[in-house]
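Number of protein chains: 2
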Amino acid sequence: METAPVKQRIQLDRDAWVQAAIEVLAEEGVAGLRVEVLAKRLKVTKGSFYWHFQDRRDLLLAVLHYWKDGRIRDIVKQTRAQPGRELEQIYHVIDIYSTTRSRRGMMIELAVRDWARRDPEAAAIVAEVDDTRLRCARNLFLACGVPMEEASSRCMLLYAYVFGLSLMVYDRFDSDPARLKRDIADLIARSAAMKTETPATAS
Amino acid sequence: METAPVKQRIQLDRDAWVQAAIEVLAEEGVAGLRVEVLAKRLKVTKGSFYWHFQDRRDLLLAVLHYWKDGRIRDIVKQTRAQPGRELEQIYHVIDIYSTTRSRRGMMIELAVRDWARRDPEAAAIVAEVDDTRLRCARNLFLACGVPMEEASSRCMLLYAYVFGLSLMVYDRFDSDPARLKRDIADLIARSAAMKTETPATAS
DNA sequence: CGGTTTCCATACGGGATAGTATTGACGAAT
DNA sequence: ATTCGTCAATACTATCCCGTATGGAAACCG
């Protein structure tokens, strides 16, 4: 399980810093992502950090690109459906984002998006990810027989919903959040234009 | 237009600080809300601040409550419809939040929600606001003849959508965002259970 | 084995910020 | 006019943090 028999280093590399940075990002947001804090977490000093990175900004950009690559990899995987099971896959995508299961991923997602509201470079990365996501999801709708414009509307609604949902605090509102989410998934996914009428609710 | 003929003070009071704080909050987020920065913006020094507030936390809580009151006031106003025009009002609510017109308000909204992700007190405030909003919006759906559970789903979808939308960067995705938003509004507002079939798209 | 490279520790300067303590200015009441 | 209460300026301490400079240890190379 060693990375390489020759040249095994127990030392930190750029990637280790980026990984830890993403952890902090999820917990504290970009504002809490300080190099000395990060160094303490990795049990080294800044001396190490400034060896691997030019400055703080350098780390932030690395985090951004690391996140982007991971997201896009996941997206294409999640939106690849066996022919005929596209609707099922749509439900699956909604489910992935709206459950507490992927809490960590959503925390990172929200931290990056908040970051992007004030940082053009982060905004550009989010734009790429969103574009990919929307196109992939739209293809699923198209494969279900939904016309282009409606497919666009529905996939946009889908992603806006899942991100917005994790910004809300709705404990007091509904006693059965599971039912709520199921019904909302139907509102998003079910189109009159669809081939399948009563889809097996992919759970 | 004077506040009071007697006792007019040109000096700062708590409220002036809170107002300015919300301005900074919109621009920089909670993390950027520092007392010295705020003081500079108001052209005074911290000496003034610590007279009006116990500490930074004191200001933050004041901001939170000020925001809550304003939100709830707006919500009840926005969701009050003349009988028979409830559907129109639903479209209006969607419109309010999804246009760039109310950009400032949305920036504050997002800043508070990001804040709430790490601060229990902020989360409690957001919970109150969300609960009020959801119930008010649900009443609109109910008034349209939509059954309870569907009304719950649709109003939740409504708010999650508008917040999520302002987190996304979709410039490249669609060439006609106006049409997109219109169609999505239809997906959210239009129910099979509705009395009115083809509502005049309140623009 | 000695030199070189790689990675990290330490020490330092400088800036931003929270909070306190003290003083000062100004208007209002007596 | 004197006094008092209100609000703000100044000065100071203590942190936290970025970035740099420099030295040191361990691995690697010849």
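So the sequences go chain by chain: W and Y.
With UniProt numbering, the residue at position 175 of the first sequence is 175, and numbering never jumps.
With UniProt numbering, the residue at position 98 of the second sequence is 98, and numbering never jumps.
We treat Cβ as the ideally placed atom computed from N, Cα and C, and that holds for glycine.
Remember, it's a predicted structure, so these values are computed and weren't measured experimentally.
I want to verify the contact list: residues of chain Y whose CB lies under 7 Å from the CB of aspartate 174 (chain W), in sequence order.
Under the 7 Å cutoff, chain Y gives Ser152.
Helix, strand or coil at glutamate 2 (chain Y) according to DSSP, with G and I counted as helix:
Bear in mind that the predicted position of glutamate 2 (chain Y) carries a pLDDT of just 36, short of 50, making it too unreliable to give a figure here.
Within 10 angstroms of its Cβ, does alanine 21 (chain Y) collect 16 or more other Cβ (buried), or is it exposed?
buried
How would you call alanine 192 (chain Y), buried or exposed, if buried means at least 16 neighbouring beta carbons within 10 angstroms?
exposed
Buried or exposed by the 16-neighbour rule on C-beta atoms within 10 Å, applied to serine 203 (chain Y)
Confidence in serine 203 (chain Y) is poor, its pLDDT being 43 and thus under 50, which makes the residue's placement unreliable; the coordinate value appears in the next sentence. By the neighbour-count rule (16 or more Cβ atoms within 10 Å), serine 203 (chain Y) is not buried but exposed.
Mind checking if methionine 168 (chain Y) is an interface residue toward chain W, Cβ cutoff 8 Å exclusive?
Output row for methionine 168 (chain Y): interface = yes.
Closer than 9 Å at the beta carbon, the chain W residues around valine 162 (chain Y)
Going along chain W in sequence order, the residues near valine 162 (chain Y) (Cβ under 9 Å) are Ala160 and Gly164.
In chain W, which residues lie less than 7 Å from isoleucine 184 (chain Y) when you measure between Cβ atoms?
Under the 7 Å cutoff, chain W gives Ser153, Met156 and Leu157.
Run through DSSP, which three-state label would lysine 40 (chain Y) get?
helix
For a contact meaning CB atoms closer than 9 Å, what does alanine 123 (chain Y) contact in chain W?
Val169
Are the beta-carbon atoms of alanine 137 (chain W) and valine 126 (chain W) separated by less than 8 Å?
No, the pair does not count as a contact, with Cβ atoms beyond the cut-off.
If you reduce the DSSP assignment to three classes, tell me which class alanine 189 (chain W) lands in.
If DSSP states are grouped into helix, strand and coil, alanine 189 (chain W) belongs with the helices.
According to DSSP, is serine 203 (chain W) part of a helix, a strand, or is it coil?
Because serine 203 (chain W) carries a pLDDT of 42, less than 50, the predicted location of this residue cannot be relied on, and the following value inherits that uncertainty. Reduced to three states, the DSSP call for serine 203 (chain W) is coil.
If you measure between the beta carbons of isoleucine 90 (chain Y) and leucine 140 (chain Y), is that distance less than 8 Å?
yes
Close-in-space but distant-in-sequence residues of the same chain around arginine 133 (chain W) (CB under 7 Å, 5 per side omitted):
By the criterion of a C-beta distance shorter than 7 Å, arginine 133 (chain W) is surrounded in its chain by Ile75 and Tyr159, once the five residues flanking it on both sides are discounted.
Our contact map puts lysine 68 (chain W) next to valine 129 (chain W) with C-beta atoms below 8 Å; I'd like the distance itself, whole angstroms only.
6 Å
Using a Cβ-Cβ cut-off of 8 Å, state whether glutamate 149 (chain W) counts as contacting chain Y.
yes
Please name the residue, chosen from Y:Gly70, Y:Gln11 and Y:Glu28, that lies closest to tryptophan 51 (chain Y) on a Cα-to-Cα basis.
Y:Gln11
Taking the alpha carbon of tyrosine 161 (chain Y) as the reference point, which residue from Y:Ala26, Y:Thr99, Y:Leu61 and Y:Glu23 has its own alpha carbon closest?
It is Y:Thr99 whose Cα lies nearest to the Cα of tyrosine 161 (chain Y).
Which residues bound the alpha helix (DSSP H) around methionine 168 (chain Y)?
Counted as a single uninterrupted DSSP element, the stretch harbouring methionine 168 (chain Y) is not any alpha helix (DSSP H), since DSSP gives it neither H nor E.
Could you confirm whether any beta carbon from chain W is found closer than 8 Å to the beta carbon of arginine 71 (chain Y)?
no
Rounded straight-line distance, which links the Cα of leucine 110 (chain Y) to that of aspartate 58 (chain Y):
21 Å
Where valine 30 (chain Y) and glycine 29 (chain W) are concerned, what is the direct C-alpha to C-alpha distance, given to the nearest angstrom?
11 Å
Any C-beta of chain W sitting closer than 8 Å to the C-beta of leucine 180 (chain Y)?
yes
Do leucine 33 (chain Y) and leucine 42 (chain Y) have their CB atoms nearer than 8 Å?
No, Cβ-Cβ distance for leucine 33 (chain Y) and leucine 42 (chain Y) is not below 8 Å.
Would phenylalanine 49 (chain W) and alanine 62 (chain W) qualify as a contact pair, given that the criterion is a beta-carbon distance under 8 Å?
no
Return no unless some Cβ of chain Y is closer than 8 Å to the Cβ of methionine 194 (chain W).
Judged by the 8 Å Cβ criterion, methionine 194 (chain W) is not in contact with chain Y.
Please confirm whether arginine 172 (chain Y) and aspartate 131 (chain W) have their CB atoms less than 8 Å apart.
yes
Closer than 9 Å, Cβ to any Cβ of chain Y: which residues of the stretch 12 to 37 of chain W, in chain order?
Flagged, chain order: Glu27, Glu28, Gly29, Val30, Ala31 and Gly32.
How many whole angstroms separate the CB atoms of aspartate 183 (chain Y) and glutamate 86 (chain W), which I take to be in contact at a CB cut-off of 8 Å?
With a contact defined as Cβ atoms closer than 8 Å, aspartate 183 (chain Y) and glutamate 86 (chain W) miss out at about 20 Å.
Compute the Euclidean distance between the alpha carbons of serine 175 (chain Y) and leucine 64 (chain Y), then round it to the nearest angstrom.
A straight-line Cα-Cα distance of about 38 Å links serine 175 (chain Y) and leucine 64 (chain Y).
Cut-off 6 Å between Cβ atoms - residues of its own chain near leucine 142 (chain W), not counting five sequence neighbours on either side
Sequence-distant Cβ neighbours of leucine 142 (chain W) in its own chain, meaning closer than 6 Å and more than five residues away, are Ala151.
Alanine 124 (chain Y) versus W:Met168, W:Lys181, W:Ser102 and W:Glu23, residue with shortest Cα-Cα distance:
Nearest C-alpha to alanine 124 (chain Y): W:Met168.
Can you tell me whether DSSP reads proline 120 (chain Y) as helix, strand or coil?
In the structure shown, proline 120 (chain Y) sits in a helix (DSSP, three-state: H, G or I).
Compute the Euclidean distance between the alpha carbons of tyrosine 66 (chain W) and valine 18 (chain W), then round it to the nearest angstrom.
8 Å
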